[in-house]
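**Q**
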Amino acid sequence: MFGMSVCDIMCSVAMAATSLPMPKSLPDGANKSYTKPYEEWSGTKLGNIKTCEAQGFLFTFGATSMFSYNAMLCLYYACAIGLVMDERKIRKIVEPVLHGFPLAVGLSMSIPPLFQDNYNPSEWEAWCVPHPIICDMDAPGFPCIRGNFSAGNTHVVIILRASIAALFIIIVTSLMMVAVRVITTNRDFKMMAKIHEKMHPGNGLRKQGFSIETIREKNDTTRTVLIQAMVYLLAVTITLIFPIIQMLHLHAEGSLWPNYLELIFMPLQGFFNFAIFLYYKVGNFRRHNPDVTSLKVVRLFFTKKVEEPVLISRISIVHFDEEIRELQIGIHSDDQEEYLSYDLGSVASDEDKIDSIDLARVHEGLSFALETPSKNSSNLSGQNLSISDRISSRGGRNAFDELEACSEKIDSESSRAFVQNVLTTDGVSTSSRGGLSGFDELGSSFHKSDTSNTTWC
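Numbering (our numbering), first residue to last: 65 to 521.
1) Count the other C-beta atoms from every protein chain shown that fall within 10 angstroms of the C-beta of R54, then say buried if there are 16 or more, exposed otherwise.
2) Once the 5 residues before and after V236 are set aside, which same chain residues still bring their CB inside 8 Å of it?
3) For F522 versus W191, is the C-beta distance shorter than 7 Å?
4) Which residues in the same chain have their Cβ closer than 6 Å to the Cβ of G334, if we skip the five residues on either side of it in sequence?
5) Just checking, does the segment 223-235 make contact with the segment 297-315 on the three C-beta pairs under 8 Å criterion?
6) Given H315, which residues of its chain have a CB within under 6 Å of its CB, disregarding the five upstream and five downstream residues?
7) Based on Cα-Cα distance, which residue from A135, Q292, N353 and M330 lies nearest to F341?
8) Sort L364, I228, M74 and A168 by Cα distance to Q119 and report the nearest one.
9) Can you tell which of Y343, R210 and H313 has its C-alpha closest to the C-alpha of L178?
10) What does the alpha-carbon distance come out to for the pair W188 and A78?
11) Buried or exposed: H195, going by 16 or more other Cβ atoms within 10 Å of its Cβ?
12) For L84, which three-state DSSP category applies?
13) Shortest alpha-carbon distance to F336 belongs to which of T367, P354, F365 and M294?
14) Give me, in chain order, the residues of the same chain whose beta-carbon lies closer than 7 Å to that of L325; leave out the 5 immediate sequence neighbours on both sides.
15) Would I154 and C143 qualify as a contact pair, given that the criterion is a beta-carbon distance under 7 Å?
16) First and last residue of the alpha helix (DSSP H) that includes R210?
17) Going by Cα to Cα distance, which pick from M240, F253 and S227 is closest to G170?
18) Using 8 Å for Cβ pairs, my map puts M173 next to I113. What's the rounded Cβ distance?
19) Can you have a look at A433 and say buried or exposed, based on whether 16 or more other CB atoms are within 10 angstroms of its CB?
20) Tell me the residue span of the alpha helix (DSSP H) that contains W105.
21) Is N323 helix, strand or coil by DSSP?
22) Should V346 be labelled buried (16 or more other beta-carbon atoms within 10 Å of its own) or exposed?
23) In three-state terms, what does DSSP make of G318?
24) Between the beta-carbon of P331 and the beta-carbon of S129, is there less than 7 Å?
25) From K258 to K360, what does the alpha carbon distance come to, in whole angstroms?
26) Measure how close the beta-carbons of N525 and I197 come, nearest whole angstrom, since I'm counting them as under 8 Å.
27) Where does N522 fall in DSSP's three states?
28) Comparing C-alpha positions only, which one of D150, S132 and T248 sits nearest to R225?
29) Along the chain, where does the alpha helix (DSSP H) containing L110 start, and where does it finish?
30) Cutting at 6 Å between CB atoms, please list the residues of its own chain near D181, excluding the five before and the five after it.
31) What are the start and end residues of each continuous beta strand (DSSP E) run of 3 or more residues lying completely inside the segment 325-352, in chain order?
32) Going by CA-CA distance only, name the one from L84, K368, E151 and F121 that's closest to W105.
33) From the DSSP secondary-structure annotation, give me the bridge partner or partners of I197.
34) Which runs of the beta strand (DSSP E) spanning at least 3 residues fall entirely within the segment 136-195, listed in chain order?
35) Tell me where the alpha helix (DSSP H) around K368 begins and ends.
36) Going along the chain, which residues of its own chain have a beta-carbon closer than 6 Å to the beta-carbon of S476, five neighbours each way excluded?
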């Protein structure tokens with residue numbers, strides 16, 4: 065985001081300078097390439113060839129790098145959310161590419177015209193652009209009064225078209241990956257709600273609060289993410305579509321409307337991103353503070369530090385826990401009671417070790433796991449089994465954190481069948497028994513518990 069903002073500022077500064085950096089006069093014969101003499105162009109021209117080249121370089125580098133950063137930002141979210149990549153892997157492997165690609169595209173587009181004298185005034189733009197001045201198309205090599213036609217229309221144009229095509233492919237694909245991930249997570253969340261209803265059949269208020277309110281909030285979050293993705297895509301499209309129309313000559317000859325619309329919308333790329341970002345920041349804050357007006361929230365964001373609600377936190381740490389954890393079934397020496405524990409062993413550093421309170425954490429954020437019984441506990445019988453459902457994150461607590469631990473008395477056989485199943489929102493079970501998915505096995509365990517006169521709290 066910082067790199068995109070810097071490039072956007074460079075482009076905006078070049079565009080804001082308008083005709084001021086243009087040279088006061090052009091080489092003899094240059095007016096032959098224009099429909100109107102250069103001296104009669106509107107706008108004040110105070111610069112020279114060098115200032116014109118500087119403006120053209122800033123505009124070309126800033127615009128191409130900024131749009132490339134848009135694609136890389138979408139790719140970052142695809143890796144972090146769609147692929148659930150570890151944060152350290154993203155920093156070490158992905159981020160250098162995310163910065164290197166936009167800079168490489170920007171430099172490859174902006175440096176060649178600088179050495180080919182192709183940055184010149186254009187009667188169709190309010191700033192200097194890569195465009196040679198009047199070239200003889202009949203002479204060998206297409207000599208120009210200033211600039212190089214072949215260099216400006218092969219190297220730069222090919223890279224520009226390829227970059228625009230790659231940009232849209234990356235943006236659309238990345239946003240689709242994020243959308244699919246969010247929809248899949250929401251579907252799994254509904255499945256977990258059904259499981260919770262089976263766990264608490266006798267508690268109507270608790271069941272209603274979990275399966276209706278929480279699912280409704282989750283559906284709202286799903287819609288929010290999808291709409292936000294579409295709005296970002298729309299903002300990039302509106303900004304880029306009119307320069308593309310002109311570049312591909314898709315408008316009628318002599319038509320000026322694509323040029324006018326480019327001048328209106330292209331400088332607004334940063335404003336669109338800021339407006340979308342601020343809108344969802346305010347919406348997120350007001351979901352948890354409905355009595356605060358939107359205008360007041362905006363003032364708070366700009367005047368003082370605001371602690372926003374944390375919806376998702378430390379995704380990579382959660383994913384790291386699932387990758388390296390080792391599930392173990394142990395036998396309590398005193399009560400001969402089975403329990404489940406996690407052992408990170410030597411594969412994790414001290415900073416990555418998971419606190420005992422977060423044993424049930426998985427990369428999707430939700431799991432059903434058995435708590436390790438305390439060896440010093442005197443009120444544990446051989447048939448007592450504790451189960452807790454949590455959503456873990458570092459910083460902030462979710463509604464699931466409020467779920468109480470439940471106990472039930474079951475026979476030893478049902479206990480052993482149930483204790484070996486740890487379910488994640490992927491529907492994956494740690495049980496070695498075949499033929500049933502994780503969710504099916506949990507349902508089977510509930511069924512066994514019900515037939516054994518099980519009582520859930």
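Virtual Cβ for every residue (Gly too), placed ideally from N, Cα, C.
**A** Let's see:
1) Outside the displayed span of the chain (65 to 521) sits residue 54, for which this structure offers no information.
2) Your numbering for residue 236 matches position 172 in the sequence shown. So the list reads L297, once near-sequence residues are dropped.
3) What the structure shows of the chain is the stretch from 65 to 521, and residue 522 is not part of that stretch, so it cannot be assessed.
4) Along the sequence shown, one-based indexing puts residue 334 at 270. Hits under 6 Å: D72.
5) yes
6) For the purposes of this step, residue 315 is taken as residue 251 along the sequence shown, with counting starting at 1. Closer than 6 Å at the Cβ level, and outside the excluded window around H315, lie I309 and P322.
7) On the sequence shown, residue 341 is found 277 positions in, with the first residue counted as 1. For the residues A135, Q292, N353 and M330, the minimum Cα distance to F341 belongs to Q292.
8) Your numbering for residue 119 matches position 55 in the sequence shown. Answer by Cα proximity: M74.
9) Position 114 of the sequence shown, counted from the start, is the residue given in the question as residue 178. The residue with the shortest Cα to Cα distance from L178 is R210.
10) As a position in the sequence shown, residue 188 is number 124, starting the count at 1. As a position in the sequence shown, residue 78 is number 14, starting the count at 1. When rounded, the distance between both Cα atoms is 16 Å.
11) Stepping through the sequence shown from its first residue, residue 195 is reached at position 131. So H195 ends up on the buried side.
12) Taking the sequence shown and counting its residues from 1, the one referred to as residue 84 is at position 20. It is coil, neither helix nor strand.
13) In the sequence shown, residue 336 corresponds to position 272, counting from 1. For F336, the nearest C-alpha among the options comes from M294.
14) Locating residue 325 in the sequence shown gives position 261, where the first residue counts as 1. Hits under 7 Å: F306.
15) What you label residue 154 is simply residue 90 of the sequence shown in a count that begins at 1. What you label residue 143 is simply residue 79 of the sequence shown in a count that begins at 1. Their beta carbons are under 7 Å apart, which means I154 touches C143 by this criterion.
16) For the purposes of this step, residue 210 is identified with residue 146 of the sequence shown, where counting begins at 1. Run containing R210: none in the alpha helix (DSSP H); it sits in the beta strand (DSSP E), C208 to R210.
17) Start at 1 with the first residue of the sequence shown, and residue 170 comes out as number 106. For G170, the nearest C-alpha among the options comes from S227.
18) Looking up residue 173 in the sequence shown gives position 109. Looking up residue 113 in the sequence shown gives position 49. Not quite, the Cβ-Cβ distance comes to about 20 Å (not below 8 Å), so this is no contact.
19) In the sequence shown, the residue the question calls residue 433 occupies position 369. Summary for A433: the model assigns pLDDT 37, below 50, so the residue's position carries little reliability; its value from the coordinates is reported in the next sentence. Buried: at least 16 other Cβ atoms inside 10 Å.
20) On the sequence shown, position 41 is the one that residue 105 refers to. Looking at the DSSP string, W105 is not in any alpha helix (DSSP H), and its letter there is neither H nor E.
21) Taking the sequence shown and counting its residues from 1, one reaches residue 323 at position 259. Helix.
22) As a first step, residue 346 must be located in the sequence shown, where it is residue number 282. Per the 10 Å Cβ criterion, buried.
23) Taking the first residue of the sequence shown as 1, we reach residue 318 at position 254. Coil at G318, not helix or strand.
24) The residue you call residue 331 lines up with position 267 of the sequence shown. The residue you call residue 129 lines up with position 65 of the sequence shown. Cβ distance not < 7 Å, so P331 and S129 don't count as in contact.
25) Start at 1 with the first residue of the sequence shown, and residue 258 comes out as number 194. Start at 1 with the first residue of the sequence shown, and residue 360 comes out as number 296. Computed Cα separation, rounded: 39 Å.
26) Outside the displayed range of the chain (65 to 521) lies residue 525, so it cannot be described from this structure.
27) Limits of the chain in this structure are 65 at one end and 521 at the other, which puts residue 522 out of reach.
28) Along the sequence shown, one-based indexing puts residue 225 at 161. Per the Cα distances, S132.
29) For the purposes of this step, residue 110 is taken as the residue at position 46 of the sequence shown. Counting along the chain, L110 falls outside any alpha helix (DSSP H), and DSSP gives it neither H nor E.
30) Start at 1 with the first residue of the sequence shown, and residue 181 comes out as number 117. For D181, where only same-chain residues beyond five positions count, the Cβ hits under 6 Å are R210 and G211.
31) none
32) As a first step, residue 105 must be located in the sequence shown, where it is residue number 41. That would be L84, whose Cα lies nearest to the Cα of W105.
33) Residue numbering aside, residue 197 sits at position 133 when the sequence shown is read from its first letter. Paired residue(s): R210.
34) none
35) Counted from its first residue, the sequence shown places residue 368 at position 304. Segment: none, K368 is in no alpha helix (DSSP H) and carries neither H nor E.
36) Numbered from its first residue, the sequence shown carries residue 476 at position 412. Since pLDDT at S476 reaches only 40, below the 50 mark, its modelled position is unreliable, and no value is offered.
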